[in-house]
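Worksheet for the structure shown next.
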Amino acid sequence: MHPCSLLLALCLLLHTRFVFTRRESDSDDGLKRSSQADLPRLSIRSIDSPHIRQGSKSPFTRSWSVDAPASSHLKLEQLVLSLPGRVYVNQTKSLESAKLQKQSLAHIIIQSDSDILSQIDLETLHHHHSGLRLECDLLYNQNITTTILLHDPSQLVKLALLAPNEFAVIGQNVLRNNDSIALVTNGGGNLILDIPTTQLSAQSVTLTSIGRGNLNVRAASIQTKRITLLTTGNGNITFLTHSFVCEQLYASSAANGSTQVKTGKLSISNIEIQSSGAGNINLWAKWSQKCQYESLSITSSSTIDTASVSCQEGNVIVSGDGVAMINVVDNLRARILNGGKILYVKRPKQMEGEATQLQKYEVNTLLGWNLNESVPRRTFRGEWMAVCLVGVVVVMVRYRKRFIYERIQN
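Taken in order, the sequence shown gives residues -21 to -1, 1 to 389; the numbers are from mature numbering (1 follows the signal peptide of the UniProt record, and there is no 0).
Okay, here's the thing in structure tokens:
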């Protein structure tokens, strides 16, 4: 066979293989797209909400219903809120839930004093967890109030706040997931979980503060295998509970944001805390069961305080002007680089490295912090000034003749 014929046959064979492979990949992509299109999805429809009383309606009100196909098992697992104003996430009453359709998962009610509801976008999410995103491009608060009523909140996994709003409040019985719970705030808003009479129970709990947003949690008791507290901006995380049961605690501060955990009774196995910014991390407990191991690392001028929690072993590294306050009982490995201090309550039985004893240590009381103080309260100073000004004008117009004095003639 001629070499040119052989080369031509080889090129024809490679071209045929390429076309066949491309068609096969295109068919696979088509099957994937068709299979994704066939997957059940959440749907959003505009409704007239029965949850708003006529007397309390704002001038502009809209409401939607989040539904799932009747044959599917979809749940509302995540909420991503990018809205200005005030946001309330609650559970509907049992009597109201019984009257609603079975495929309805939630009601969304948005009220405003101005006609800006057309700028609000609602989008369903189906990436990792089925969920819902509410977004508005407004940069300033237009007196918007958003109420989200969950009919069955037992599957809610993640709630993210991504806007500089006033605050978002999560009510009772909203987070009841036994697997994992994540709360995220990104911006200047405050995300508040206030369940003072309820136990928060999950396999893992993650609290993340990004930017200037604050994240406040108050619960009667916390029970989880792992809790993660992350601050990457100027926002703070505050955690208040009467009873705290946890196997692993991980806290990290990468900027100026601080983390405070206060509890009356603590039972924990492992503690790992890292600080690379100016934010402080404090773990305060009135009473604590002895933990097994703690690892503290400071590479900045911040302070880590775990002195109220006694641990059997500890590994502490401070490289900067930071201060670590600890209460290691048995074995302590301490290392200081470029200044900084490592202070212990009582001298451990075995100590490797350099550390000094605290002269005096007092645990801050739980009564020193009130979650209600962190909830921004709307002031009506401008409205009252306008009302007073209008009242003065009305009085002057109504009784203007009494203010006119006739000229006295001699």
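Where a beta carbon is used, it is the ideal one built from N, C-alpha and C, also for glycine.
From a predicted model like this one, the values you see are computed outputs, not experimental measurements.
Taking 3 residues as the shortest admissible run, the region 272 to 333 contains the following complete beta strand (DSSP E) segments, listed from N- to C-terminal end: 282 to 284, 290 to 298, 302 to 305, 307 to 316, 320 to 323, 329 to 331. Counting every other CB atom within 10 Å of its CB across the protein chains shown gives D173 a total of 16 or more, marking it as buried.
Just so you know, the alpha carbons of L228 and L368 end up roughly 56 angstroms apart.
Bounds of the beta strand (DSSP E) holding A199 are 193 to 210.
L337: not part of any beta strand (DSSP E); DSSP gives it neither H nor E. Setting aside the 5 residues that flank it on each side, L129 is surrounded in the same chain by L55, V68, N69, Q70, T71, L84, A85, L135, V153, each with a C-beta closer than 8 angstroms to its C-beta; the list follows chain order. Per DSSP, D46 is one residue of the beta strand (DSSP E) stretching across 39 to 46. From the listed residues G318, Q329, S287, S222, the smallest Cα separation to E341 is found for S287.
For a cut-off of 8 angstroms, the C-beta gap from K241 to L275 is around 19 angstroms, too long to register as a contact. According to DSSP, residue pairing for K137 in a beta bridge involves Q57, A161. In the same chain as S248, and ignoring 5 residues on each side of it, the C-beta atoms closer than 7 angstroms to its own belong to E226, Q227, C270, Q271, in chain order. Going by beta carbons, Q178 and A199 fall inside the 8 angstroms limit. Under DSSP, the beta-bridge partners assigned to S91 are F39, I123. DSSP places P175 inside the beta strand (DSSP E), whose first and last residues are 169 to 190.
Taken atom to atom, the span from the alpha-carbon of R314 to that of V297 is near 6 angstroms.
In the DSSP annotation of this structure, the continuous segment of the beta strand (DSSP E) that includes A147 starts and ends at 146 to 149. One thing to note: G293 has its Cβ within 8 angstroms of the Cβ of E273.
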